[in-house]
Amino acid sequence: MIKKIRPDRMVKAVEMIDLKQLKQSGIRALIIDIDNTLTPHHKDVISDSKLEWLKQAAAQGFLVYLLSNNQVNRIKSISSTYDLHGYGFAFKPFSVYYKKILKQSGCQPKEVCCIGDQLLTDILGAKLQGMASIYVEPISPRDIIFSRFSRWLEKRLMVKKGN
Ligand SMILES: [Mg+2]
453 MIKKIRPDRM
463 VKAVEMIDLK
473 QLKQSGIRAL
483 IIDIDNTLTP
493 HHKDVISDSK
503 LEWLKQAAAQ
513 GFLVYLLSNN
523 QVNRIKSISS
533 TYDLHGYGFA
543 FKPFSVYYKK
553 ILKQSGCQPK
563 EVCCIGDQLL
573 TDILGAKLQG
583 MASIYVEPIS
593 PRDIIFSRFS
603 RWLEKRLMVK
613 KGN
């Protein structure tokens, strides 16, 4: 279980991810979480530095998909504002939307990197599909109830692991 939630890499924020390095390692598509990864929780605005990074990703030819367990309407609004593909109610870590994105992108799982702030949804979901994964530190501490539970569980698992 611990192995399944251990990300390939951990960074402070999404804009610190080196896109050239990802490209060189064969990554073609990015699946990016929204809440606390791109936007503060309950806010719809992506900061300039994160937006610039997203633009760079598109300019370098990455296929970018936003994937969130949050409400569909919220995700639709954010993805249309920023002109990105986005799916809400994704039921991460379950496979449905990951498979959908694989089909849509024409990528193999090893060509996809998932980026998010939660081990039990974003990272576990990636691992279960054989995709690469990068953990980012959450933008803000405010969370929905499920996330609070999930973080509590993550902390317990980390303690067991001896971290
Ligand atoms: Mg999140």
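Numbering (this note's numbering), first residue to last: 453 to 615.
Heads up, the beta-carbon is just placed ideally off N, CA and C, and yes, glycines get one too.
Taking 7 Å as the cut-off, the Cβ atoms of Val-588 and Ala-509 do not count as close. DSSP places Arg-461 outside any alpha helix (DSSP H); the residue lies instead in the beta strand (DSSP E), whose first and last residues are 461-463. Relative to the non-hydrogen atoms of ligand 1, the Cβ of Asn-488 comes within a distance shorter than 6 Å of at least one. Remark: the shortest separation between the CB of Gln-570 and any heavy atom of ligand 1 falls under 6 Å.
DSSP places Thr-489 outside both helix and strand once states are collapsed to three, so it counts as coil. For Ala-511, there is no enclosing beta strand (DSSP E); the enclosing alpha helix (DSSP H) covers residues 500-511.
Per DSSP, the continuous alpha helix (DSSP H) segment holding Ala-578 begins and ends at 576-581.
Residue Gly-568 holds the alpha-carbon nearest to the alpha-carbon of Ile-591 among Asn-522, Trp-505, Gly-568. Counting C-beta pairs with one atom in each stretch, the region 541-560 and the region 469-482 have three or more that are closer than 8 Å, which means they touch. Here the distance from the Cβ of Asp-460 to the nearest heavy atom of ligand 1 is not below 6 Å.
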